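In the working numbering, the protein residues as written are 1184 to 1395. Comments concern the structure below.
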């Protein structure tokens, strides 16, 4: 039996359960986007896209964003879920815009024109599709140091924060005022993800696994 997992974090987790490391191969998913974009750190909004539920930490995310006192900046929340109505009522009149479920193409278009994307998930995530797509577009990401998320970003990443430490998140969000830092990070993310998820390399790695 051979196991393919998305991250080294998952591989280590399985090894601790007693699975032999020789049986486990880390193989992330490809990200293919047909969208040309030029990142602008002068955009006036950041984006969360995905399920709107308690375990995704949306309430804490919004509060940290508002507490950061970022002038002339909007947080766009895209998606649906059990917490949507509660959050809409709680943050009515604030600089938060809720957008119902839309096509992936429309989501990517909004991300490509954003200042950054953000997640405050409380879970051990696998491959963070939203963040990988953002990196492919040269858009920087804010995310918690949880599970294998950091494996999809350059080492010593400046925009990650300690999971569940929302003061740390609030402080990291203030980097949104540093346009040069955002632009440089977006370029680094794009270069990293294009190499890490290189189609030829991943396909050859997959062929090697099934032929062993």
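Here a beta-carbon is modelled for each residue, glycine too, at the ideal position from N, C-alpha and C. Quick caveat, the model's predicted, so the values are computed rather than measured.
With contacts defined by Cβ atoms closer than 8 Å, residue 1293 and residue 1271 do not form a contacting pair.
Residue environment for residue 1222: buried (at least 16 other C-beta atoms within 10 angstroms of its C-beta). Judged by DSSP in its simplified three-state form, residue 1379 adopts helix. Here the C-alpha atom of residue 1362 lies approximately 14 Å from the C-alpha atom of residue 1341.
The DSSP-derived three-state label of residue 1366 is helix. Secondary structure note for residue 1317: its alpha helix (DSSP H) is the uninterrupted segment 1312-1319. Straight-line spacing of the CA atoms in residue 1263 and residue 1303 works out to 16 Å. When C-alpha distances from residue 1205 are compared across 1316, 1194, 1212, 1281, the shortest belongs to 1194.
Contact check for residue 1265 and residue 1380: beta-carbon distance about 32 Å, past the 8 Å limit, so the pair fails to qualify. In the structure shown, residue 1216 falls within a coil segment according to DSSP collapsed to helix, strand and coil. Secondary structure at residue 1249: helix, using DSSP grouped into helix, strand and coil.
In this structure, residue 1282 sits away from residue 1301, with a CB-CB distance that is not shorter than 8 Å. Short of 6 Å from the beta carbon of residue 1349, and not among the five residues preceding or following it, lie these beta carbons of its own chain, in chain order: 1243, 1247. Note on geometry: alpha-carbon atoms of residue 1227 and residue 1198 lie some 44 Å from one another.
Going by beta carbons, residue 1372 and residue 1327 fall outside the 8 Å limit.
About 6 Å separates the Cβ atoms of residue 1321 and residue 1370, confirming a contact at the 8 Å cut-off.
A check of alpha carbon separations from residue 1358 across 1215, 1213, 1256, 1216 identifies 1256 as the nearest.
Annotated three-state conformation of residue 1281 is strand, per DSSP. Beyond the five residues adjoining it in sequence on each side, residue 1240 comes within less than 7 Å, by CB distance, of 1303, 1304, 1305 in the same chain, given in chain order. A buried status is given to residue 1291, since no fewer than 16 other beta-carbon atoms sit within 10 Å of its beta-carbon.
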